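Here is the structure we will look at.
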Amino acid sequence: LREKMDQEFENIDSSGQWQNLYNEIRNQSQECPYKVAKFPENRNRNRYRDVSPYDHSRVRLENSENDYINASLITMEEAQRRYILTQGPLRNTCGHFWQMIWEQRCKAVIMLNRVIEKGSEKCAQYWPSKQERDMDFSDTGFVVTLVSEDVKPNYTIRLLELKNGKTGETREIYHFNYTTWPDFGVPESPASFLNFLFKVRESGSLGPENGPAVVHCSAGIGRSGTFSLVDTCLVLMDKRKDPSSVDIQKVLLDMREYRMGLIQTPDQLRFSYMAVMEGAKSILEDSALQQKQPEAWQDPEAYLVSSSQSSILSSEKVNGQSDSCTEPHDPGRERDSIHSPKEEKTNALSCKLIAEREIVIQFF
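Here it is in structure tokens:
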């Protein structure tokens with residue numbers, strides 16, 4: 146099975162077919178109506194004018210005069226995964242963001258960007274710093290408190306307390322922030338990205354017993370689509386015990402029915418394949434460890450301690466394109482720092498993906 150996956154990837158790579166495969170996916174994607182996003186009163190709630198949630202899958206704010214937020218609920222039934230993919234909150238939508246998290250009973254926020262990248266604000270600072278400790282969102286009645294913070298070379302894990310000011314009830318929310326996705330690129334190796342993904346999984350936050358995980362970058366389609374695609378494909382491979390049965394292209398097309406433009410560049414598509422391939426090898430080789438669920442990690446504080454003691458995969462190099470807000474085939478649309486793709490000639494199998502492969506994976 147591994148040889149089949151490797152060979153398929155090598156064939157696409159050596160023949161330079163990533164652009165063609167990406168175009169094929171883009172052409173097969175069905176566009177659905179997104180009328181609500183274009184209402185005049187919602188204009189200032191959208192970060193990018195060309196990234197809108199479809200009407201049928203948009204998340205609706207409850208008990209609000211205006212129920213609109215630029216967020217889409219993606220449901221992958223066989224994988225038992227639900228994600229809310231959303232844009233990086235604007236300064237005027239941070240309160241709506243936390244309201245959504247409360248109402249949807251989300252356990253985790255997965256942030257795949259930095260607040261400032263290449264001198265531009267990619268999302269508002271919607272959680273408190275160590276200096277602030279608390280942030281009060283008076284427009285929606287929520288208070289966010291920083292409980293703890295564990296900073297790693299490639300990511301930061303925070304434990305936040307979300308308080309509903311109207312009822313006094315509080316909940317603990319994980320905040321997983323992947324901090325080393327390059328300004329204009331994708332990670333060349335999936336090593337640290339998989340490490341981050343598995344850390345999120347170990348917390349139990351992606352399980353069906355919780356509300357959907359909130360996943361965002363700047364536009365909520367490029368890096369966010371990559372994270373969700375890789376996670377879903379690896380869940381399916383584990384469930385079926387047959388990695389070759391998972392059609393990555395079909396999974397992506399299914400996800401695109403819920404939110405437009407997921408995976409924005411051929412480079413992101415290539416990276417997604419690489420990450421799924423490497424994760425699949427780990428599934429095949431470490432099946433005994435997949436069933437282990439450390440009891441300590443059921444407690445958020447204990448989980449943060451355990452995460453600080455575990456570094457699963459190695460560092461990365463970078464190459465490629467930006468997480469832009471539109472698909473770069475259309476030069477006439479507003480975009481977030483799109484750069485033309487550099488043709489990557491390196492054979493993926495020579496990228497030293499297995500250089501430091503002592504991987505411990507817990508599947509929840």
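Just remember that the working numbering sits 145 ahead of the position in the sequence shown, which is counted from 1. For every residue, glycine included, the Cβ atom is placed at its ideal position computed from N, Cα and C. Quantities reported herein were computed from a predicted structural model and do not represent experimental measurements.
Which of helix, strand or coil does DSSP assign to residue i?
| i | result |
| --- | --- |
| serine 485 | Any answer about serine 485 is weak, because its pLDDT of 34 lies below 50 and its placement is not dependable; what the coordinates show is given next. Reduced to three states, the DSSP call for serine 485 is coil. |
| methionine 245 | helix |
| aspartate 295 | strand |
| aspartate 279 | strand |
| isoleucine 157 | helix |
| serine 265 | strand |
| leucine 305 | strand |
| proline 185 | helix |
| isoleucine 214 | strand |
| valine 450 | Any reading at valine 450 must be qualified, since the residue scores a pLDDT of 48, below 50, and its modelled position is unreliable; the value itself is stated next. Helix at valine 450. |
| glutamine 164 | helix |
| methionine 405 | coil |
| valine 421 | helix |
| arginine 478 | In this predicted model, arginine 478 has a pLDDT of only 34, less than 50, meaning its place in the structure is not dependable; the value taken from the coordinates is given anyway. DSSP places arginine 478 in coil when its eight states are reduced to three. |
| alanine 358 | strand |
| arginine 205 | strand |
| valine 331 | strand |
| glycine 370 | helix |
| valine 289 | strand |
| threonine 238 | coil |
| threonine 312 | coil |
| leucine 351 | coil |
| cysteine 378 | helix |
| glutamate 176 | coil |
| aspartate 387 | coil |
| aspartate 392 | coil |
| valine 345 | helix |
Can you list, in chain order, the residues of its chain whose CB lies under 6 Å from that of residue i, leaving out five sequence neighbours each side?
| i | result |
| --- | --- |
| glycine 365 | Leu230, Thr231 and Gln232 |
| asparagine 187 | Tyr213 |
| valine 375 | Ser417, Ala420 and Val421 |
| leucine 381 | Ala224 and Val391 |
| tyrosine 403 | Ser202, Ser217 and Ile219 |
| glutamate 207 | Glu248 |
| isoleucine 428 | Met382 and Asp383 |
For residue i and residue j, which I take to be in contact (beta-carbon distance under 8 Å), what is that distance rounded to the nearest angstrom?
| i | j | result |
| --- | --- | --- |
| asparagine 299 | phenylalanine 343 | Not confirmed; about 12 Å, so no contact. |
| phenylalanine 396 | threonine 377 | Residue identity check: residue 396 is valine in the sequence provided, not phenylalanine. Valine 396 to threonine 377, Cβ: 6 Å. Contact. |
| isoleucine 302 | tyrosine 319 | 7 Å |
| serine 197 | lysine 183 | 7 Å |
| asparagine 355 | arginine 250 | 7 Å |
| serine 337 | threonine 325 | 7 Å |
If I measure Cβ to Cβ from residue i and keep anything under 7 Å in the same chain, skipping five residues before and after, which residues do I get?
| i | result |
| --- | --- |
| arginine 278 | Thr290 and Leu291 |
| valine 345 | Ala253, Ile255, Phe321 and Leu351 |
| aspartate 284 | Gly240 |
| proline 234 | Phe242, Cys268, Ala269 and Tyr271 |
| serine 369 | Leu230, Leu257, Val360, His361 and Cys362 |
| leucine 414 | Trp163, Leu166, Tyr167 and Ile408 |
| proline 353 | Gln225 |
| arginine 205 | Asp212 |
Can you tell me which residues form a DSSP beta bridge with residue i?
| i | result |
| --- | --- |
| phenylalanine 416 | None, per the DSSP bridge assignment. |
| alanine 253 | Tyr319 |
| arginine 226 | Met221 |
| proline 198 | Arg404 |
| tyrosine 193 | According to DSSP, which records beta bridges pairwise, tyrosine 193 is partnered with nothing at all. |
| tyrosine 300 | Tyr323 |
| threonine 231 | Ala216 and His361 |
On a Cα-Cα basis, can you pick out the residue from the options that is closest to residue i?
| i | options | result |
| --- | --- | --- |
| asparagine 237 | Ala420, Gly313, Arg190 and Ser217 | Arg190 |
| glutamine 173 | Asp399, Lys275, Leu339 and Ile219 | Asp399 |
| alanine 216 | Glu262, Arg227, Val331 and Lys297 | Arg227 |
| glycine 424 | Glu153, Gln413, Asp383 and Gln175 | Asp383 |
| arginine 401 | Asn208, Val260, Ser209 and Met221 | Met221 |
| threonine 410 | Leu339, Glu347, Lys426 and Glu169 | Glu169 |
Would residue i pass as an interface residue toward chain C - the criterion being a Cβ-Cβ separation below 7 Å?
| i | result |
| --- | --- |
| phenylalanine 341 | Absent here is chain C; the protein component of the structure consists of one chain. |
Keeping to the same chain, check which residues put their C-beta closer than 8 Å to that of residue i; ignore five residues upstream and five downstream.
| i | result |
| --- | --- |
| tryptophan 247 | Phe287, Leu307, Asn309 and Arg316 |
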